[in-house]
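Position 310 of the sequence shown, counting from 1, maps to 310 under the UniProt record's numbering, and the rest follow consecutively.
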Amino acid sequence: MKTDVQIAQEAKMKPIKEVADYLGFPEEAIELYGNYKAKLNIHELKDYKDRPNGKLILVTAITPTPAGEGKTTTVVGLGDGLNRIGKRTSLALREPSLGPVFGVKGGAAGGGYAQVVPMEDINLHFTGDFNAIGAANNLLAAMLDNHINHGNELDIDARTITLKRVVDMNDRQLRFIVDGLNGKANGVPREDGFEIVVASEVMAILCLSNDLKDLKEKLGKIIVAYNRKGEPVTAKDLNAQGAMAALLKDAIKPNLVQTLEHTPAFIHGGPFANIAHGCNSIIATKLALKYSDYVVTEAGFGADLGAEKFLDIKCRFAGLNPNAVVVVATVRALKMHGGLAKTELGNEDLVALEKGLPNLLKHVENMQNLFGIPCVVAINKFPLDTDAEIKLIETKCKELGVNVVLSDVWAKGGEGAIDLAHEVVRLAENDKPINQIYDIEDSLEEKLNKIVQKVYGGSGITFSPGVKKKIKTIEELGFRNVPICMAKTQYSFSDDKNKVGRPEGFKVNIKNIKIAAGAGFAVAYSGDIMTMPGLPKVPAANNIDITDDGKIVGLF
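Below is the structure:
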């Protein structure tokens with residue numbers, strides 16, 4: 001059996017200009033990065049905002065398990081399947097972070113015969129966007145510490161600095177550090193730390209900006225610290241926003257690549273879904289919608305995290321309205337939610353499956369009944385799935401009025417998504433506005449309670465000491481009317497990763513909350529969530545290598 005990277009390396013790609021031509025982009029808007037990658041210069045697309053929008057299809061998933069769900073693979077296969085049935089379709093995806101690529105999760109370019117290519121480039125440095133985002137973040141950090149070192153005219157209280165430096169790598173050693181040591185010439189000593197690039201507010205801002213002007217304005221609003229009067233100090237106070245935007249002048253342009261079947265794929269931006277809002281950029285999604293009949297996009301991790309943030313944050317800011325939702329599941333993962341060990345997943349077990357099914361059904365209920373979006377369940381097919389197991393899933397989903405469609409895109413590419421594509425087209429005739437989980441005028445505490453009670457199925461929230469005071473301060477500073485970005489474990493509806501399936505009666509503890517004023521949302525931290533992940537005992541990097549003739553192996 002060929003590996004993902006072998007399949008990708010054997011692909012016969014079209015020159016990326018041909019892919020751009022298929023969508024109708026003018027030549028002056030296409031900036032080539034070699035033969036198979038391009039950026040689209042939005043400044044050269046004068047009239048694109050006047051074009052009608054295509055249909056927007058959101059792909060999400062059940063709560064992730066070690067058995068795997070295949071959400072990105074389904075996105076890619078569905079896009080190929082829609083093109084096969086004559087629908088002019090493109091994809092709108094996030095860029096992978098090097099942290100998961102070299103850590104545990106692997107890349108984010110799909111798999112098998114449903115991949116975006118060039119897979120190695122996309123999973124590694126791609127077009128340099130993450131480097132630019134990290135540089136812009138770290139420039140702001142350097143200017144902040146430099147200001148304090150040279151007299152501190154803004155009277156910044158160094159104990160209140162909220163901005164951290166970033167690096168696009170899982171490195172637990174950098175979570176907590178002390179810097180500015182070894183004398184006056186080397187800065188002011190203080191406790192500090194790093195976050196991963198995808199947790200940076202700069203990443204979130206890039207993905208939520210409409211153009212360069214909007215980007216610069218949002219960058220200027222980043223709160224980096226507080227002065228001794230308790231007033232926020234921003235990037236604009238440091239006059240950093242112009243230089244930061246200059247570093248991001250190319251990163252803001254969407255990237256265009258293709259699938260193995262030459263479906264156009266806009267891959268742009270990559271905020272983490274269990275820390276940030278987990279969606280690709282507004283610019284890329286809107287651009288895809290203007291040049292396609294159908295756009296298939298995804299939200300990170302399970303629907304309780306990525307889809308909720310997509311709908312409550314991204315859609316609210318961008319005015320987007322998905323026409324249909326695909327919830328991806330596997331028989332294997334549902335049996336794990338039912339308590340089955342990973343080593344036993346190859347055996348038919350209807351008891352474990354029925355115990356795990358409530359996880360899928362809760363996600364479906366959220367999408368269809370809570371948010372009000374037509375929904376289909378896509379079962380990502382595995383060879384050992386039995387007819388009885390598939391039948392059980394179909395029966396339970398039909399009780400909710402939702403169809404189940406088998407997806408075999410890993411093995412068959414777009415051909416394995418034909419049935420799914422037809423069901424999506426049927427559902428996408430819907431143009432009904434989505435429901436929002438909370439009103440933007442609700443207090444921050446009300447919003448948190450509504451997310452936990454409505455989306456997660458919990459009984460409410462608790463607060464660690466000092467958090468209620470922080471909420472009061474945030475609201476007094478004028479940031480009451482902002483969405484909530486919940487940072488929690490991706491492995492459970494609750495804040496305890498061990499509570500799989502569909503737990504009930506739990507409370508979510510809010511350990512910290514901060515305002516991301518530039519991005520325009522409040523980040524609430526629960527459980528043991530880390531903004532700088534660490535590598536596992538045996539990282540994926542151990543298996544990645546390059547041959548003497550330059551061919552990468554071991555990447556997945």
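Glycine is no exception: its CB is placed at the ideal position from the N, C-alpha and C atoms. Since the structure is predicted, the reported quantities are computational estimates derived from the model, not experimental observations.
Rounded straight-line distance, which links the Cα of residue j to that of residue i
| i | j | result |
| --- | --- | --- |
| G128 | A251 | 7 Å |
| D121 | P465 | 45 Å |
| C315 | H277 | 11 Å |
| F317 | L208 | 7 Å |
| E475 | K432 | 33 Å |
| H147 | L353 | 59 Å |
| N430 | N138 | 44 Å |
| G505 | V452 | 11 Å |
| N186 | D145 | 10 Å |
| A243 | L140 | 9 Å |
| N35 | V166 | 31 Å |
| Y438 | F479 | 16 Å |
| G554 | D4 | 9 Å |
| G96 | I267 | According to the sequence displayed, residue 96 carries Pro and not Gly. Roughly 9 Å separates the two Cα atoms. |
| S260 | P254 | The question names Ser, but residue 260 is Leu in the sequence shown. Each residue's alpha carbon lies about 20 Å from the other. |
| V19 | M530 | 39 Å |
| N170 | D50 | 42 Å |
| P524 | L477 | Rather than Pro, the amino acid found at residue 524 in this sequence is Ala. Roughly 17 Å separates the two Cα atoms. |
| K362 | P271 | 25 Å |
| residue 557 | L448 | Examination of residue 557 is not possible in this model, given that the chain is present from 1 through 556 alone. |
| V500 | H337 | 5 Å |
| E191 | V178 | 4 Å |
| T72 | V326 | 12 Å |
| G54 | L289 | 5 Å |
| D496 | D528 | 8 Å |
| F463 | G134 | 32 Å |
Proximity winner among the options, relative to residue i (alpha-carbon distances)
| i | options | result |
| --- | --- | --- |
| L311 | K253, L477 and G372 | G372 |
| A333 | I434, E231 and E389 | E389 |
| L444 | I177, C397, I434 and K468 | K468 |
| T489 | L181, K14, T72 and T63 | T63 |
| N543 | G103, T74 and T72 | G103 |
| E298 | E31, L58, Y22 and K2 | L58 |
| K90 | P483, Y22 and F493 | Note that residue 90 is Ser in the sequence shown here, rather than Lys. The candidate whose alpha carbon is nearest that of S90 is Y22. |
| V331 | D157, G151 and A378 | A378 |
| E446 | A522, V402 and I393 | A522 |
| K249 | D214, Q258 and I223 | D214 |
| N509 | Y456, P189, L535 and D385 | Y456 |
| S492 | T285, P533, N359 and M532 | N359 |
| I223 | D168, K164 and G86 | K164 |
Burial state of residue i, where buried means 16 or more other Cβ atoms lie within 10 Å
| i | result |
| --- | --- |
| M119 | buried |
| S459 | exposed |
| T395 | exposed |
| R159 | exposed |
| F176 | exposed |
| E153 | exposed |
| A487 | buried |
| N435 | exposed |
| Q241 | buried |
| E423 | buried |
| D155 | exposed |
| L181 | exposed |
| I282 | buried |
| K229 | exposed |
| A246 | exposed |
| K46 | exposed |
| D349 | buried |
| E201 | buried |
| L287 | buried |
| R94 | buried |
| K391 | exposed |
Beta-bridge pairing of residue i - partner residues as DSSP gives them
| i | result |
| --- | --- |
| E485 | According to the sequence as given, residue 485 is Cys; it is not Glu. Answer is V523, bridged to C485. |
| Y226 | P232 |
| N255 | K39 and I267 |
| G103 | None; G103 has no bridge partner. |
| V404 | V377 |
| G194 | Looking at the sequence provided, one finds Phe at residue 194 rather than Gly. According to DSSP, which records beta bridges pairwise, F194 is partnered with R165. |
| N509 | T462 |
| A61 | V328 |
8 Å Cβ cutoff, residue i in contact with chain C
| i | result |
| --- | --- |
| V188 | In the structure shown, chain C does not exist; there is a single protein chain. |
Are the stretch 334-353 and the stretch 362-372 touching by the rule of at least three beta carbon pairs closer than 8 Å? no
Contact the stretch 505-520 vs the stretch 203-223: 3+ CB pairs below 8 Å: yes
Evaluate contact between the stretch 390-410 and the stretch 291-300, counting only Cβ atoms and requiring at least three cross-stretch pairs below 8 Å. no
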